[in-house]
Structure formats: C-alpha cells, structure tokens
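Protein chains in written order, with the numbering used here: chain L, 11 to 775; chain X, 1364 to 1528. Just so it is clear, CB atoms sit at the ideal spot from N, CA and C, and this is done for glycine as well. Beneath this line is the structure, given in structure tokens, with notes to follow.
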Amino acid sequence: MLRGAATFVEDIPRPHAHHLAFVRSPVAAGRIAGIGTEDARAVPGVLAVVTAADLGHPSLTAVLERDEFVPTSMPLLAHDRVRYAGEPVVAVVAESRYVAEDAAERVWCDIEECDPVLSLADAASTPVHPEAPDGVLVDLQMFADDLLDESLARAPLVLEETFRSGRVTAAPMEARACLAEWRDRDEQLVLHCSTQVPHQVRTGVAQALGIAERQVRVVAPDVGGGFGLKCVVGREEVVAAAVAARWRVPVRWTEDRQENLTAAFHGHEQEYRVRAGFDAEGRFVGVDADIVCSVGAYSAYPFSCGVEPLMAATELPGVYKVGRYAARARGVATNKPPTAPYRGVSRPQIVLVMERLLDKAARRLGIDRVEIRRRNTIAPHEFPYTGPNGITYEPGSYLEALERCVREVTDAGWWERRAGGDGLRRGIGLVNFSERTAYGTATMGLRRMQMTPGFDVSHVRMDASGDVVVTSGTCGHGQGHETTFAQIVADRLGIRPERVKLRQGDTDLVSFGWGTWGSRSLVIGGGAAAVAARTLAGRLKAIAGELLEVGPGDIELADGYARVRGVPEARVAVEEIAATVHFRSHTLSRHHDQLLEARGAADPPGMFSNAAHAALVEVDPGTGDARVVDYLVVEDCGVVVNPTVVDGQVRGGVAQGIAAALYEELTYSPEGQPLAGTFMDYLVPTASEIPPVAVHHLQTPCELTETGAKGMGEGGTIGAPAAVLAALNDALRDCEADLDHIPVRPADILRVLTTGTRTEREDTA
Amino acid sequence: MKDQHLVTLTVNGREHELVLESRRTLADTLRQELGLTGTHLGCEHGICGACTVLLDGEPVRACLVFGVQADGREIRTVEGLADGDELNDLQQAFSRHHGLQCGFCTPGFLMLAEAYLAGGGSADPGEVREVVSANLCRCTGYQGIVEAVTEVAARRREQAAKAHD
Chain L
11 MLRGAATFVE
21 DIPRPHAHHL
31 AFVRSPVAAG
41 RIAGIGTEDA
51 RAVPGVLAVV
61 TAADLGHPSL
71 TAVLERDEFV
81 PTSMPLLAHD
91 RVRYAGEPVV
101 AVVAESRYVA
111 EDAAERVWCD
121 IEECDPVLSL
131 ADAASTPVHP
141 EAPDGVLVDL
151 QMFADDLLDE
161 SLARAPLVLE
171 ETFRSGRVTA
181 APMEARACLA
191 EWRDRDEQLV
201 LHCSTQVPHQ
211 VRTGVAQALG
221 IAERQVRVVA
231 PDVGGGFGLK
241 CVVGREEVVA
251 AAVAARWRVP
261 VRWTEDRQEN
271 LTAAFHGHEQ
281 EYRVRAGFDA
291 EGRFVGVDAD
301 IVCSVGAYSA
311 YPFSCGVEPL
321 MAATELPGVY
331 KVGRYAARAR
341 GVATNKPPTA
351 PYRGVSRPQI
361 VLVMERLLDK
371 AARRLGIDRV
381 EIRRRNTIAP
391 HEFPYTGPNG
401 ITYEPGSYLE
411 ALERCVREVT
421 DAGWWERRAG
431 GDGLRRGIGL
441 VNFSERTAYG
451 TATMGLRRMQ
461 MTPGFDVSHV
471 RMDASGDVVV
481 TSGTCGHGQG
491 HETTFAQIVA
501 DRLGIRPERV
511 KLRQGDTDLV
521 SFGWGTWGSR
531 SLVIGGGAAA
541 VAARTLAGRL
551 KAIAGELLEV
561 GPGDIELADG
571 YARVRGVPEA
581 RVAVEEIAAT
591 VHFRSHTLSR
601 HHDQLLEARG
611 AADPPGMFSN
621 AAHAALVEVD
631 PGTGDARVVD
641 YLVVEDCGVV
651 VNPTVVDGQV
661 RGGVAQGIAA
671 ALYEELTYSP
681 EGQPLAGTFM
691 DYLVPTASEI
701 PPVAVHHLQT
711 PCELTETGAK
721 GMGEGGTIGA
731 PAAVLAALND
741 ALRDCEADLD
751 HIPVRPADIL
761 RVLTTGTRTE
771 REDTA
Chain X
1364 MKDQHLVTLT
1374 VNGREHELVL
1384 ESRRTLADTL
1394 RQELGLTGTH
1404 LGCEHGICGA
1414 CTVLLDGEPV
1424 RACLVFGVQA
1434 DGREIRTVEG
1444 LADGDELNDL
1454 QQAFSRHHGL
1464 QCGFCTPGFL
1474 MLAEAYLAGG
1484 GSADPGEVRE
1494 VVSANLCRCT
1504 GYQGIVEAVT
1514 EVAARRREQA
1524 AKAHD
C-alpha cells in the first residue's frame, strides 16, 4: 500500500484487455423508442456495441418474501423504459477506454421523455414500475399498538415533528471496477471485482447469465473502500461478465467519478413524521413514526430495497425506553439511482430523530438535556431489556457512556468555549445511541429476504513449517482484518501473529461467505476463525501430548511452543509438531490424515455496541458557515481486539457523519437531472473540515460472541449527524432554532439568524 | 492517422522513450505504458489528488497533465519513495500513525506530503492540515495522515538544523 505495490482491480496487468464504456440515459424517465449503434460500430477498434436485446434481456431481481413487498427486476441494460438519468442503456466494447468512450458518443438513444417521480408526493402520478401503481415498493406496518393513540392523547407533552435527511453516497476513493475474462481451461468466467461481497457477486452473475455457480469465480483483490456501495451487485459488473463470456475476450470496466456519483448506488434519503408523547418528567410514553425512504428506481440485488425501511422501523427506539411504539415504513420508487446499504443504514437518521425529540422535549419541559436522557435510557439493571420493538438488548454501557462523555467534555473545557465572546456562535451536541452489529441468521431471517445472510465460515491450516493460513468468507478492504484475524488465530495457537496470513476475497479459495458489511466481519468472520483455531489448537495439544507423554489437557500453547502446564521445560516447538505431522506421521500412534487444519463457523444473533458522541461547532453569523471544531467519542464495542483499528474505524465513520450533516448531498433538478456530478458539487470533506476526534473506550464483554467483541464499523457515521445537528441547534439556541434536517447549509443557518424561525428544506421527498 | 509523439520521460531516475498519443494523460502513461500502477485515479477531474505525482519536484495531478507535457521532465511517483525494501521516513510514519485504511488515496497523500516536506514544510499541525486538504481520503478522517506528516516535518527540520550546525 505504502510502496504503490497494492493490487486494485485496475492494477492487474492485462495488456490486451478490451474496455467497456456505457451509454447512459440522458433523462430521468422515458420510453426508449429507438437505439442507433451503427456509427459506433464503425469506429476503428470497436469490438461490439451491446444492447439488452443482444444479451437476451438479462436482469437481477432482489426479493423480500413479504406480502407488503413488490418485486421488481433491474435489467442489466435498460430496454423499453429508462428509470433514471445515468441508467446504462448500451455497452460499447473497444480496444481501449479512450476508443470506447469515443464510440459511446456516437450511439444515439431516442427516448420519449415523461415526468419523473422525485418524491412520495408524485409517486403515484407516473409510477416508476407498473407493478407498483402507487409507487410504493415496500410498505411495512410494524408493532401496531391499539393503545398508542390513547397514550399519546393523555400525554402532557406531544411533539409532532418532521425530520429529513438528504440523498448521499458512499463515494469510496476507488470507484467500482472489474476485469472479466473467460478461461477455457477451467470453463470458468473469472471476474476480478472491487466488491465487499464476492460470493454474492458470483451468485448474481450466475443467475443473470444462467450458468452454474462453479463456472463463475469472483476475486476481490485490494478494494479501495466500499462503505456499502460495493455490498450489492452492480449491473455493469454483470454486463462485463456477459461480454467476456460471449466474446471470449478479457474486458475491463472502470467507473469514472461522474458515473459513481450519478449512476451507482445512493442512500439515506428519508423522511420521518413522528408523534412522540412525554410525561411531565420528560419520560417517553409513546412514539409513532411514519417513515418514507426514497429508494430509487430499483431494488438492489441481493438485499432488496427493504433494507432501509426495515432497519428504520425496527430499531428507531435505540437506547431509550419509549413506552408504546408503532411504525410504518415505506420504500418509495423514484426516478433516481437505486440505493444500497450505505454505512449506517437508517441509523444515522433514527438516532437523529430520537436525539432531536429529546432535546426538544427537554427544552419544552425545562429539563436539562443530559438529565432527560438519564431518565429515558435503558439502565444497567434492566438488561436484558426487551423493547416494544421486540428486540432484546444485551448488556451495554449506555448510561456510563453518556456520563463519561459529559465528564470528558467538561474536563476538556468545552462549556467555557461554548460561551464564546469573540463574535462566533458555538454549540455543543450530545448524543447517545446503540448500533446493532453482526446480524446473524436469526436476526436477518426476520427480515425475510430471499437471500438471508448471517453466518460465516473460516478455515485455518498450518503448513509443515508451522505457519498458518486463515481464510474467511468476509472480505476486508481497509478494516485491518489482516491484523485482527491474525491476532485472533495466533492468540489461540500460542504463536506470533506474523506467522498467520489471512486469505480472503476469492470464491475458489473460500467455500462461501457473506462478505464484509454491517459491522459483521471481526465478530462473525473473526469468530469463525477463532472456532477453527480452537479446534486446531486441540489437535496440536493432542499431538504434543503424545510427544511429551502427557494428556492433551495438560498442554498449553504459548510463545511458539506446546508445553506441559507447570513444567515449562517439557515442551515441543509448534514447528516441530507441524513437521512431525506432515513428514514423520509414522512416528505417531495414529496417522493424522486430517493434517493440521480445521474449519469453523459463527452465527451470533446480532449484538448492540453503544456510544456517546459530543460535537463542538462554531457558526459564523456573518456567513452562516458552520464548522465542527472538536469531537469526542466514548464507545463500547465489547472486547477491543485492536485499539488502533477501532479508533481508525470510529474516526473515519465520524468524518462521513459530519459530511452528511454539513456538506454532502446529491441534489436533483425538477427534471430529475443530477446536480452533483463531480467532487466540486458533491462535497466530500477534506482535512480542513474534519477535526481531531478523541476516542475513549469502555468494554462490556459480549457473551454472544467468540471473542467478546461486538461490531463497530458504522457507529461513527451513525452518531455524528445527530451530534452535529444538536450542536448547531445549540449554537443558535437564542434564535429558537429548530433545524431538523441534514445537510444543514449556510443558507439554512442564515435563515434562522435572520428570521429567528425554524427552517425546512424545500427540495425533498 | 493517430496524433502521436515521441517523448522522453525520466521517472524515478530512469529514462523512458515512449510514443504517446497527444490525449493520453500522464496518469495513464505511468500506469499503462510503464506499469507504475501505484499512481491511482480517484476522480479524473483534478479534485481528489489520488494521482498526485511530482513533476520537476512540484506536486501535480497526473490526471490533468498529458503525457506529452512531461516530455524531457523528471517525474517522481510513489514507487520511488522507498530505498529498496526500506520504507522512507514518511511511509513509516503513515504506517505508525494508521494514516491509511484501504490505501487507495495513500500514494497521492505521500507524494503531496513529500513535496511539502522537501520544501522545508513546517511541523505546525494546522499548516499540515491545510496542505493535506488538497487531497481526499474517505476512510481515515485524516487524523493519522496529519499526525504522520507533522511528525516527519518536525524530524526532518531537526535533522536539517543539525546538518546546518
């Protein structure tokens, strides 16, 4: 990585590979009347110009097995209709990317344009899919409670509020990319792909092309960030596979940044209409939420467009005891790109909703905002706590995190800084939340996806020199799995972590796996590796026992040796055991034809990490410019396997959360044209916008996992938007500010400062 | 006929003669003609800085420079930083401070910082933060990058002061 020697997909040398360029729909919605490819075919160096008809109209279909869900197919290339500006219609295959793009400009598409659907309000006017005439692809009514209305009617305080969050995208620094080639020798299509989920890409390709899974090998080499964008299957990747299989040439596709921002996968465009009742002491008596997620034009494969609505409705209450609870959550099809589970998945929004409700209630009731949280938070003695959403929460440090966060902020002098006096306004946001991580089969099964992820597998094998290779069905790409998995395995085998190498991301190397997303890898993949390593440790002990003439129970593995407990000089090196098993098995009482390898699996139910975040923001009343100047996290992800890795995940996550709160948004014109097509319009923050983030750890060991760890890949992104929004409202406290949307732009702040009233975004779902 | 030119590029001290189409970018030239794939393309419109290389010692976006514009000039890429197996001080600091996660933006940050440090850049974290704001990273939140560059700036200044004494 540091030498420039990493291998991302584009770095794989294939001098004679062809390149794909896509001709994309110039309009948001319309009927395709004709496509002209002759001029493009005539460009020297063009191998083929491919339409949906040329490929036999293949498609990907994600299914949720629920009556409330309308299945819709996503064609690999649009035919008949186009459903968003940027949708791929034609693929040009040429000898270089330069020629492919030249030729793509010569393709014409005659499209009869129609009015686009950009929000729930116009969803039924011209439905995106005829199968869903009301424009709703999924409509979930969950936890209906007949007594909720009555409870709210009797509540001393009822808030009726609307919260909105803008459409954003993961924007990994490496956009999507793939290299597809057919190998006659193996009768196999090999697809190198920048993905988080190699096995799901394999299934998607096999299903779309109608070939056997064995005939597809997917390899994820180094992957330059994913954040959920790459945990779904992209149609362009499948088209590349189809072209390579049909024309038997290696084919590359490298997404450019404009395509990545305007035509890949988005997320987080949501609106919450919430009624929340409180008693006079500020305790929730009930929450009723109506949630709308603008899921875009298609249901992304394989997890479907149900991901955001299901997550939002199920987990809204978070760390709080809300009394009675009901939620309706809808996924509305719009003429915008489809959504993928971008980091956080609805939890940045639900945390924002809950924390804003508490801050509002605290203000209305004259209660301190920390105190109102104390009164509502699930207390230590209440674990395991089962909420009205049917979830049972295992122990966490919810109150302790909050108190610690307040103490750290106070010790760091934030309250004095908040008082200001230099013309700038300052505010502090404090939020407390949980993050469900490592969803296993038991939890995922409740969602009723046709493809239900959850478990994962690992294989640990020691070679004749005593070195270990561990494989995993997870697929890391910057999360430090090489380090943490090696630590987990080495700990159990009593050897140094440098002797353990992780191999992942190759469907021919790993029998199956669900990849890396949903804060699952260290817990599930690492848990599976721990199980496998434990089995292998048992085998090492049995052989060492025989060599040392003691029972295996008397052997311990440490410092590279198997030694007799209490008699450290009676020992045999792990290398010696390895060599004996491989080369001198005749000296052992029985033949170890299993060698030194073991498999393990893990499938925990899903567990809750928790964190309290604090943000200090500065607002310039002259320009409306807001900056986060300090940030503090107290987090609890159970046993920390590697603090450096955890801190890195938290800080990177916080940066993405700050981005969503203040900078990033994919806006659209009334015609449905994307207005953010470059990094000049889609404002991924730089080092100047992201402050140093202090991270403090609490550790509540998890009893549901092998390592005691809980997942933690998304918490930073989940907490930061709420913390920043709370801090902004605090900075504008004397203006009766009621900012309930993200991103908050300087214009929103100036409007509050000049009119002193609440603001609403105008251009949203 | 294609519009082609014979150019001479000196990359990491080694001279290369190449025939290039006018429109071929320096980034594509380095990656595809010379196999130096450490220079990554993150946006191809000059914002993210992943493709930053040094052209006669100055940081440039290799996606915005044509290969032919580098004719007769010296180019330094991430592959030229380490001395054999030995990572240079900046590369080591990035590793120590966890200044990278996925590693895609890393070469650009290293080259950007290398130019800053070669110019005697200050070890003031505020100034370092401003300098590295030229590039985008999506994984780290920048903290490790700022810490790494600040530390190396301090150490190189110390070494320069000692050498001066």
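Residue i - partner residues in DSSP beta bridges
i: W425(L); result: Bridge partners of W425(L): none, in fact.
i: L1383(X); result: H1368(X)
i: H29(L); result: A104(L) and R262(L)
i: H202(L); result: L189(L) and V229(L)
i: W118(L); result: G46(L)
i: H706(L); result: V644(L)
Cβ-Cβ distance between residue i and residue j below 8 Å
i: V92(L); j: G40(L); result: yes
i: R34(L); j: V109(L); result: no
i: E724(L); j: R283(L); result: no
i: E1437(X); j: L1453(X); result: no
i: Q291(L); j: R385(L); result: According to the sequence provided, residue 291(L) is Glu. The question's Gln does not apply to it. Cβ distance < 8 Å, so E291(L) and R385(L) count as in contact.
i: P358(L); j: R340(L); result: no
i: A254(L); j: V261(L); result: yes
i: Q1367(X); j: L1383(X); result: yes
i: L271(L); j: T179(L); result: yes
i: W263(L); j: A250(L); result: yes
i: P182(L); j: T517(L); result: no
Given residue i as reference, the closest of the options once Cα atoms are compared
i: R374(L); options: L167(L), V480(L), A543(L) and G433(L); result: L167(L)
i: P54(L); options: S106(L), E75(L), D64(L) and L12(L); result: S106(L)
i: M454(L); options: N386(L), W524(L), P507(L) and A625(L); result: W524(L)
i: L503(L); options: G488(L), G450(L), A572(L) and V261(L); result: A572(L)
i: M321(L); options: A230(L), V56(L) and G528(L); result: G528(L)
i: V844(L); options: N620(L), T462(L) and R661(L); result: This structure cannot speak to residue 844(L), because chain L is shown only from 11 to 775.
i: A670(L); options: A500(L), T727(L), E628(L) and L685(L); result: T727(L)
i: V1491(X); options: R1424(X), C1411(X) and L1475(X); result: L1475(X)
i: T1468(X); options: L65(L), N652(L), A16(L) and R195(L); result: According to the sequence as given, residue 1468(X) is Cys; it is not Thr. Selected option, being the one with the closest Cα: A16(L).
i: A583(L); options: I505(L), I700(L) and V361(L); result: I505(L)
i: P68(L); options: Q604(L), Q217(L) and D300(L); result: Q217(L)
i: I565(L); options: E559(L), P578(L), K551(L) and L557(L); result: K551(L)
i: C1414(X); options: A134(L), E184(L), P653(L) and A154(L); result: E184(L)
Inter-residue Cα distance where the pair is residue i and residue j
i: L642(L); j: E1521(X); result: 32 Å
i: E269(L); j: F618(L); result: 36 Å
i: H487(L); j: Q206(L); result: 8 Å
i: L57(L); j: T451(L); result: 45 Å
i: E365(L); j: Q683(L); result: 34 Å
i: L1427(X); j: E1421(X); result: 14 Å
i: H391(L); j: P711(L); result: 16 Å
i: Q497(L); j: A142(L); result: 50 Å
i: R743(L); j: L763(L); result: 10 Å
i: L738(L); j: D1419(X); result: 45 Å
i: D773(L); j: T71(L); result: Its pLDDT being 42, under 50, D773(L) is placed unreliably in this model, and the coordinates cannot settle the point.
i: V629(L); j: D740(L); result: 10 Å
i: R771(L); j: Q489(L); result: Its pLDDT being 48, under 50, R771(L) is placed unreliably in this model, and the value from its coordinates should be taken loosely. Their Cα atoms are separated by approximately 35 Å.
Residue i (DSSP reduced to helix, strand or coil)
i: D640(L); result: strand
i: P631(L); result: coil
i: N1498(X); result: coil
i: Y311(L); result: coil
i: F689(L); result: coil
i: H487(L); result: coil
i: I1438(X); result: strand
i: W257(L); result: helix
i: D300(L); result: strand
i: G516(L); result: With the sequence shown as reference, residue 516(L) is identified as Asp, and Gly is not the correct amino acid for it. Here D516(L) sits in strand by DSSP.
i: A154(L); result: coil
i: N386(L); result: helix
i: A1461(X); result: As written in the sequence, residue 1461(X) is His, which differs from the Ala given in the question. In the structure shown, H1461(X) sits in coil (DSSP, three-state: anything other than H, G, I, E or B).
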